[in-house]
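K.L.:
Residue numbers (the working numbering): 89 to 234. For every residue, glycine included, the Cβ atom is placed at its ideal position computed from N, Cα and C. Keep in mind the model is a prediction, meaning the values are calculated, not measured. I'd like to ask you about the structure that follows.
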C-alpha cells in the first residue's frame, strides 16, 4: 500500500481520505484541458529525484502547488513517481503520498489489486510526463510567441 502521511478523513479499511480521489481526478481533468501546466522541476522531497511542478494562482496570489517527484524505482529503470504532494496557501500540505509499494503493473500481473489512489496518481503522472515542459520547451514556446 502507499505510504500516506496526511489522512484526516480516512475511512476504515482505507489508508486515505476518499476526497483525495476526487482531488486527483480533478487535477487529471484540468491537466487534460490544458488549464494546469506542469513544468519539470527539482524535487523538494528528494534531491536526487527529478520532478514536475504546477502552481495555481487566483487574483495574482499563489493558492496551490502540486509536485510529483519521479525516478527509477528498485529493479525498474523506467521512471515512476516516487511522491506526490499538494499544498495550499491556507492549509499547508493537504495530500502527501509516497509511492512505496510494488509497481502497479507488477501488482496487476500478480493478481494484487492496487489501491485506487495510487492508480489515479499513476494516471496523473503518465499524463504529466507526456505534457511536462522543461527549460528548453518553455524557452522555445516563449520564442514562438514573439
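Which residue comes first and which comes last in the alpha helix (DSSP H) that contains residue 123?
P.N.:
That residue, residue 123, is in no alpha helix (DSSP H); it is neither H nor E in DSSP.
K.L.:
Ordered along the chain, which non-local residues of its own chain (more than five positions away) have a Cβ less than 8 Å from that of residue 118?
P.N.:
Excluding positions up to five away in sequence, the list reads 124.
K.L.:
Buried or exposed: where does residue 200 fall if 16 or more other Cβ atoms within 10 Å of its Cβ makes it buried?
P.N.:
Looking at its Cβ environment, which holds fewer than 16 other Cβ atoms inside 10 Å, residue 200 is exposed.
K.L.:
Would you kindly report the start and end of the unbroken alpha helix (DSSP H) that includes residue 217?
P.N.:
204–219 is the extent of the alpha helix (DSSP H) around residue 217.
K.L.:
Grab me the residues of residue 49's own chain with a C-beta within less than 7 Å of its C-beta, minus the 5 sequence neighbours each way, in chain order.
P.N.:
Because the chain in this structure spans residues 89 to 234, residue 49 falls outside the shown range and cannot be described.
K.L.:
What span of residues does the beta strand (DSSP E) with residue 145 cover, start to end?
P.N.:
Note, residue 145: beta strand (DSSP E), 138–146.
K.L.:
Roughly how many whole angstroms lie between the Cα atoms of residue 104 and residue 205?
P.N.:
C-alpha separation (whole angstroms): 8 Å.
K.L.:
I'd like to know whether the C-beta of residue 178 is nearer than 8 Å to at least one C-beta of chain C.
P.N.:
In the displayed structure, chain C is absent; only one protein chain is listed.
K.L.:
Out of 107, 215, 209, 126, which one is the CA nearest neighbour of residue 58?
P.N.:
The shown model of the chain, from 89 to 234, leaves out residue 58, and the question about it has no answer.
K.L.:
What is the DSSP secondary structure of residue 198, counted as helix, strand or coil?
P.N.:
Coil at residue 198, not helix or strand.
K.L.:
Between 159, 147, 140, which has its C-alpha nearest residue 153's C-alpha?
P.N.:
Considering only alpha carbons, the answer is 140.
K.L.:
Would you grab the beta carbon distance between residue 173 and residue 184 for me? Rounded to a whole angstrom, and I think it's under 8 Å.
P.N.:
At roughly 5 Å, the Cβ-Cβ gap stays under 8 Å, so residue 173 and residue 184 are in contact.
K.L.:
Quick check on residue 110: buried or exposed, where buried means 16 or more other Cβ atoms within 10 Å of its Cβ?
P.N.:
Under this definition residue 110 is an exposed residue.
K.L.:
Please state whether DSSP places residue 234 in a helix, a strand or coil.
P.N.:
Three-state result, residue 234: coil.
K.L.:
Would you say residue 112 and residue 229 are within 8 Å of each other, going by their C-beta atoms?
P.N.:
Taking 8 Å as the Cβ cut-off, residue 112 and residue 229 do not qualify as a contacting pair.
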